[in-house]
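Residue numbers (this note's numbering): -12 to 128.
So the structure is just underneath, and the comments pick up after that.
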């Protein structure tokens, strides 16, 4: 596998996922997060919500996955940060996007965001700002 070009301004390949209820329940089981907000129709209806709400930590996992898919096994995500802007509901599709803002001594700085892309124009922003610091293995940080 050829290493990607990692220079300031380079775009991180986008990652898209449709987050269905089955995936949400699997995630809840693996993280021991059984809050009713993520699966219970009666609980949601009482709060005026149209569908189960995707657990916010899913977005951290997706942002990290986007970077690992791009940079491969020689990359270590040392820091990751993100802030929620809008709820994402079961069945919606999100797209993680990003670009490199700096590269110095084998450490890559990336800014990212997560968009909800289910035909909404303009796209809704689920997560912003977001970003990461990635150490490339073999480089001296």
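Cβ atoms here follow ideal geometry from the backbone N, Cα and C, with glycine treated the same way.
Nothing here was measured: the structure is a model prediction, and the numbers come from that model.
Practice item. Below 8 angstroms on the Cβ atoms is my guess for residue 87 versus residue 101; work out the distance and round it to an integer in Å. Key: Numbered from its first residue, the chain shown carries residue 87 at position 100. Numbered from its first residue, the chain shown carries residue 101 at position 114. Going by Cβ atoms, the distance from residue 87 to residue 101 rounds to 17 angstroms, so no, they are not a contact pair.
Review point. In terms of alpha-carbon separation, which member of 70, 66, 77 and 115 lies closest to residue 95?
Key: Reading the chain shown from its first residue, position 108 is the one you call residue 95. Measuring from the Cα of residue 95, the nearest candidate turns out to be 66.
Review point. DSSP puts residue 85 in a beta bridge; with which residues?
Key: Residue 85 sits at position 98 when you count from the first residue of the chain shown. Bridge partners of residue 85: -1 and 99.
Point to revise | From 111, 10 and 97, residue whose alpha carbon lies closest to that of residue -4 | key: Taking the chain shown and counting its residues from 1, the one referred to as residue -4 is at position 9. Of the candidates 111, 10 and 97, the one whose C-alpha sits nearest the C-alpha of residue -4 is 97.
Point to revise | Inside the stretch 18 to 92 only - alpha helix (DSSP H) runs reaching at least 4 residues | key: 28 to 33 and 44 to 58
Review point. So what does DSSP say about residue 4, is it helix, strand or coil?
Key: In the chain shown, the residue the question calls residue 4 occupies position 17. Strand at residue 4.
**Study point:** Three-pair Cβ contact test at 8 angstroms for the stretch 51 to 68 versus the stretch 112 to 121
**Key:** yes
**Study point:** Where residue 124 sits in the DSSP three-state scheme
**Key:** Here residue 124 corresponds to residue number 137 of the chain shown, with the count starting at 1. Of the three classes helix, strand and coil, the one that applies to residue 124 here is coil, per DSSP.
Point to revise | CB of residue 90 within 8 angstroms of CB of residue -1, strictly | key: Within the chain shown, the letter at position 103 stands for residue 90. Within the chain shown, the letter at position 12 stands for residue -1. Going by C-beta atoms, residue 90 is not nearer than 8 angstroms to residue -1.
Exercise for review: Confirm, please, whether the CB-CB distance from residue 25 to residue 139 is below 8 angstroms.
Suggested key: Nothing about residue 139 can be read from this structure; the chain reaches only from -12 to 128.
Point to revise | Reduced DSSP category for residue -7 - H, G, I as helix; E, B as strand; rest coil | key: The count along the chain shown starts at 1 and reaches residue -7 at position 6. Three-state result, residue -7: coil.
Exercise for review: Spatial neighbours of residue 18 within its chain, please: CB distance less than 8 angstroms, with the 5 preceding and 5 following residues excluded, ordered by chain position.
Suggested key: Taking the first residue of the chain shown as 1, we reach residue 18 at position 31. Excluding sequence neighbours, residue 18 sits near 42 and 44.
Practice item. Would you kindly work out how many angstroms separate the C-alpha atoms of residue 71 and residue 92, rounded to a whole number? Key: Within the chain shown, residue 71 is the residue found at index 84, counting from 1. Within the chain shown, residue 92 is the residue found at index 105, counting from 1. If I take the Cα positions, the gap works out to 31 angstroms.
Check your understanding: Are residue 103 and residue 75 touching if we call contact CB-CB under 8 angstroms?
Key -> On the chain shown, residue 103 is found 116 positions in, with the first residue counted as 1. On the chain shown, residue 75 is found 88 positions in, with the first residue counted as 1. Result yes, Cβ atoms of residue 103 and residue 75 sit closer than 8 angstroms.
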